Amino acid sequence: MWFASDNAGPAHPRVMEALARANAGYAAGYGADEAMGRVTARLRGIFEAPEAAVFLVGTGTAANALALACLCPPWASVFCHPFAHVQEDECGAVGFFTGGAPLTLVAGEHGRMEPEALEAAAGRLGGSVHQPQRGAVTLTNATEAGAVYSPDQVRALARVAKAHEMPVHMDGARFANALAALGCTPAELTWRAGVDALSFGGTKNGLLGVEAVILFDPAKAWEFELRRKRAGHLFSKHRFLSAQMEAYLEDGLWLDMARTANAWAARLAAGLGRAPGVRLEHPVEANEVFAAWPRAGHRRVQAAGARYYLWSFEAPQAQTLEGGPEAEVSARLVCNWATTEAEVDGFAALLAEEAAVQSA
Ligand SMILES: Cc1ncc(COP(=O)(O)O)c(C=O)c1O
Numbered sequence: 346m347w348f349a350s351d352n353a354g355p356a357h358p359r360v361m362e363a364l365a366r367a368n369a370g371y372a373a374g375y376g377a378d379e380a381m382g383r384v385t386a387r388l389r390g391i392f393e394a395p396e397a398a399v400f401l402v403g404t405g406t407a408a409n410a411l412a413l414a415c416l417c418p419p420w421a422s423v424f425c426h427p428f429a430h431v432q433e434d435e436c437g438a439v440g441f442f443t444g445g446a447p448l449t450l451v452a453g454e455h456g457r458m459e460p461e462a463l464e465a466a467a468g469r470l471g472g473s474v475h476q477p478q479r480g481a482v483t484l485t486n487a488t489e490a491g492a493v494y495s496p497d498q499v500r501a502l503a504r505v506a507k508a509h510e511m512p513v514h515m516d517g518a519r520f521a522n523a524l525a526a527l528g529c530t531p532a533e534l535t536w537r538a539g540v541d542a543l544s545f546g547g548t549k550n551g552l553l554g555v556e557a558v559i560l561f562d563p564a565k566a567w568e569f570e571l572r573r574k575r576a577g578h579l580f581s582k583h584r585f586l587s588a589q590m591e592a593y594l595e596d597g598l599w600l601d602m603a604r605t606a607n608a609w610a611a612r613l614a615a616g617l618g619r620a621p622g623v624r625l626e627h628p629v630e631a632n633e634v635f636a637a638w639p640r641a642g643h644r645r646v647q648a649a650g651a652r653y654y655l656w657s658f659e660a661p662q663a664q665t666l667e668g669g670p671e672a673e674v675s676a677r678l679v680c681n682w683a684t685t686e687a688e689v690d691g692f693a694a695l696l697a698e699e700a701a702v703q704s705a
């Protein structure tokens with residue numbers, strides 16, 4: 346019962362087979378491999394963006410920070426949600442790679458920034474030499490709280506951003522999950538809604554360690570290339586990154602895996618909903634479930650080997666298994682393409698059983 350992270354899941358066998366095939370003979374290094382040409386063409390086709398510049402990097406942090414460094418000067422601010430990975434989990438990488446740009450936090454429910462809050466935050470910056478200027482907006486889809494932004498919600502934020510002459514970046518570490526949930530096209534969820542640059546996740550969704558950065562306006566392509574090299578993210582044996590991404594895009598594997606992960610999360614949420622005493626904390630729209638239940642239930646599932654994080658965006662320190670059995674403790678449960686029915690149903694059944702014991 347592994348729900349700790351989609352990072353903890355395996356890579357898909359078709360990706361491993363593609364890597365083995367890519368290992369035959371020689372291929373040009375540093376992104377000049379033929380497979381990278383095919384990946385670029387494939388992503389341009391998928392996104393209906395024939396001019397887009399496409400790059401591969403090894404981590405989501407690099408994808409976000411390098412993309413934002415191209416969009417935001419050092420003296421301006423990047424606007425993001427308080428839950429954003431760039432704020433909470435990237436060790437200040439945006440500040441480092443931009444050369445000092447601070448983050449300005451913009452509130453909203455379930456990890457989604459509100460356009461009115463963005464307007465207010467943007468209105469407070471810029472103009473004076475003493476302040477950070479308005480730089481760029483980054484939004485995460487699916488959000489860190491497992492919700493998704495629809496194309497209209499993205500457009501509403503992009504409208505505010507553009508009114509303040511700010512480009513828009515999307516952290517799509519779970520872009521496939523968002524797209525699978527919405528059923529719209531990749532273009533509708535990105536450049537047609539005003540997104541200028543996308544971190545297109547792969548690692549959480551069945552790759553070994555590859556993310557793409559897609560710049561819908563290629564004007565910054567050369568700058569991105571230089572920044573990627575300087576950051577140590579231009580891989581010499583690049584063919585192995587390309588091979589992973591190519592296999593991911595082949596026959597819609599990326600969307601199939603995301604759909605599967607989302608379906609397990611929906612089933613898990615439904616199972617938890619039937620267990621007395623379990624409360625969902627955020628809407629389950631992608632592959633993550635945020636829920637709270639009494640400590641006794643946590644002890645029961647953990648004794649049975651369940652792996653997940655105790656998790657609260659608001660009060661992380663308060664989520665502990667030390668203390669009385671009735672107190673509610675919050676958790677994050679993440680599904681991936683390899684999650685099984687036995688894990689999902691077994692987890693929910695254990696919680697229901699423990700609730701019955703406690704109420705007896
Ligand atoms: C929303 C989000 N963005 C980006 C990342 C990528 O992070 P990493 O640098 O660990 O690949 C993650 C991973 O946890 C994430 O959840």
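In this text, residue positions in the sequence shown follow the numbering used here: the first is 346, and each later residue adds one.
Backbone N, C-alpha and C define an ideal beta-carbon position, used for all residues, glycine too.
Because the structure is a prediction, the values reported are computed rather than measured.
Query                                                                                                                 : Result
Three-way DSSP call (helix, strand, coil) for M515 in this model                                                      : strand
DSSP three-state assignment for S581, whether helix, strand or coil                                                   : coil
Residue span of the alpha helix (DSSP H) that contains E698, given as start and end                                   : E686 to S704
Residues of its chain near A641, where Cβ-Cβ distance is below 6 Å and the 5 sequence neighbours each way are ignored : P670, E699 and Q703
Proximity below 8 Å, CB of H408 to CB of V558                                                                         : In the sequence on display, residue 408 carries Ala and not His. Going by C-beta atoms, A408 is nearer than 8 Å to V558.
Local Cβ density within 10 Å of T685, reported as buried at 16 or more and exposed below that                         : exposed
Beta-carbon proximity of C425 to T483, cut-off 8 Å                                                                    : yes
Neighbour-count burial assignment, S473, 16 or more Cβ in a 10 Å radius                                               : exposed
Residue from E510, R537, L594 and L560 whose Cα sits closest to the Cα of S495                                        : R537
Contacting residues, own chain, Cβ-Cβ under 7 Å from A492 (five flanking each side not counted)                       : H455, G456, R457, H627, P628 and E630
Three-state secondary structure (DSSP) of V402                                                                        : strand
Proximity of L586 and V555 at Cβ, strictly below 8 Å                                                                  : yes
Sequence-distant residues of the same chain with beta carbon closer than 6 Å to A592, five excluded per side          : R359, V360 and A363
Any non-hydrogen atom of ligand 1 within 7 Å of T404 CB                                                               : yes
Contact belief for L450 with P427 at Cβ below 8 Å, rounded distance in angstroms                                      : 5 Å
Minimum C-alpha distance to V513 - residue among A542, F520 and V384                                                  : A542
Proximity test, V485 beta-carbon vs ligand 1 heavy atom, cut-off 7 Å                                                  : Note on identity: in this sequence residue 485 is Thr, with Val being the wrong assignment. Yes, since a heavy atom of ligand 1 falls inside the 7 Å radius drawn around the Cβ of T485.
Same chain only: Cβ atoms within 7 Å of N607, ignoring 5 sequence neighbours per side                                 : N522, A525, A526, A631 and N632
Proximity to R584 [Cα-Cα], best of T530, T404 and D378                                                                : D378
Inter-residue CB distance, V431 and A481 (contact presumed, cutoff 8 Å)                                               : Incorrect: roughly 11 Å between the Cβ atoms, too far for contact.
Reduced DSSP secondary structure (H/G/I, E/B, other) of G382                                                          : helix
From A380, G354, G374 and Y375, residue whose alpha carbon lies closest to that of R366                               : A380
C567, buried or exposed, once every other Cβ within 10 Å from all chains shown has been counted against 16            : In the sequence as presented, Cys is not what sits at residue 567; that position holds Trp. Looking at its Cβ environment, which holds fewer than 16 other Cβ atoms inside 10 Å, W567 is exposed.
Per DSSP, cross-strand counterpart(s) of Y654                                                                         : R677
Minimum C-alpha distance to E433 - residue among E489, L617, W682 and G551                                            : E489
Through-space distance from C529 to N681, alpha-carbon basis                                                          : 21 Å
A446 beta carbon less than 8 Å from that of G440                                                                      : yes
For G691 and G650, the rounded distance between their alpha carbons                                                   : 11 Å
Exposure of N368, with buried meaning 16 or more beta-carbon neighbours within 10 Å                                   : exposed
Enclosing beta strand (DSSP E) for R479 [first to last residue]                                                       : Q478 to T485
Neighbourhood of F448 by C-beta, 6 Å cutoff - its chain only, sequence neighbours within 5 removed                    : Reading off the sequence, residue 448 comes out as Leu, not Phe. Result list for L448: V423, C425 and Q432, in chain order.
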